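Some notes on the structure that comes next.
Residue numbers (my numbering): 4 to 94.
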């Protein structure tokens with residue numbers, strides 16, 4: 004089943020390779036979407052793909068890369084659109 008979520012991650016998530024780690028895992032899982040830093044220090048992302056696989060990606064976001072310290076994660080289900088061809092890091 005195609006699935007889409009918007010994820011907002013708070014804590015020590017910038018400057019710890021969170022975006023590059025997210026892209027690496029998303030590419031390995033064949034997900035589409037994007038990830039980017041927000042000006043307020045959080046990281047946001049959109050993931051599209053099979054629900055089971057998206058759920059695996061969200062679980063990775065709950066812990067992040069080694070140097071991250073996740074304080075909170077918000078996961079919002081959205082209507083699947085299928086608008087992405089790949090997964091990208093946005094600036």
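Every residue, glycine too, gets a C-beta built ideally from N, C-alpha and C.
Remember, it's a predicted structure, so these values are computed and weren't measured experimentally.
For residue 4, the number of other beta carbons within 10 angstroms of its own is below 16, and it is reported as exposed. About 7 Å separates the beta carbon of residue 40 from that of residue 22, a gap short enough to meet the 8 Å contact definition. As the crow flies, the alpha-carbon of residue 71 is around 30 Å from that of residue 84. If the five residues before and after residue 8 are omitted, its C-beta is found closer than 8 Å to the C-beta atoms of 49, 50, 57, 61, 78, 79, 80, 81, all from its own chain and listed in chain order.
With respect to residue 90, residue 36 sits close: the two C-beta atoms are nearer than 9 Å.
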